[in-house]
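Undergrad:
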Amino acid sequence: MTERVSRVGTARALVLLGSGLLLAASAVTAFLALVFGPVLLDRDRITGPIVFGVVAFVAISLLAIALANLIALRSASTRRVVIGGCGTLLAGSVVGIGVLIVLITLR
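All the letters of the sequence shown, read from the start, carry residue numbers 1 to 107 under the numbering used here.
(1) Since I believe Ile104 is in contact with Ile50 (beta carbons under 8 Å), could you give me their beta-carbon distance rounded to a whole number of angstroms?
(2) Can you tell which of Leu23, Arg12, Pro38 has its C-alpha closest to the C-alpha of Gly96?
(3) Between the Cα of Gly92 and those of Thr10, Arg12, Leu14, Ala25, spot the shortest distance and give me the residue it belongs to.
(4) Measuring straight from C-alpha to C-alpha, what distance separates Ala30 and Leu40?
(5) In angstroms with no decimal places, state the Cα-to-Cα distance between Leu100 and Val15.
(6) Looking only at C-alpha atoms, which of Val8, Glu3, Ser19 sits nearest to Leu90?
(7) Here's the rule I'm using: 16 or more other beta-carbon atoms within 10 Å means buried, otherwise exposed. How should Gly9 be labelled?
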C-alpha cells in the first residue's frame with residue numbers, strides 16, 4: 001500500500017525549516033555585528049546604536065518566525081501556507097536587516 005503524504009503538512013515543514021534557518025542566521029548575524037561592527041565602523045568599542053540595532057534585528061526576526069508559524073498552522077491550503085509562511089519569513093528577514101543597517105550606521 002502507498003502512504004498518502006499531505007502537501008499542506010509538507011509545506012508546514014518547509015516553513016518550520018525556514019524558521020530554523022532564520023533563527024540560526026539571526027544568531028550568527030547578531031554575533032558578527034557585535035564582534036566586527038565596531039571595527040568596520042572605526043569605533044573603539046561597542047556603542048549603543050550597535051547593541052540597539054542587534055536587539056531590534058533579533059526581535060524582528062523572532063516576531064517574523066512566530067507569525068510565519070502561526071500563519072502556517074492556521075492556513076488550510078498549500079498555497080496559503082507557503083506564501084503566507086515563507087513570505088512572512090522573507091519580509092521579516094529583509095526588514096530586520098534593514099533596521100540593523102540603519103541603526104548601526106547612526107552616530
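Where a beta carbon is used, it is the ideal one built from N, C-alpha and C, also for glycine.
TA: In terms of the structure at hand:
(1) About 5 Å separates the two Cβ atoms, so the contact holds.
(2) It is Leu23 whose Cα lies nearest to the Cα of Gly96.
(3) The candidate whose alpha carbon is nearest that of Gly92 is Ala25.
(4) Approximately 14 Å, taken between the alpha carbons.
(5) Take the alpha-carbon of Leu100 and the one of Val15: they are about 24 Å apart.
(6) It is Ser19.
(7) By the neighbour-count criterion, in which 16 or more other beta carbons inside 10 Å mark a residue as buried, Gly9 falls on the exposed side.
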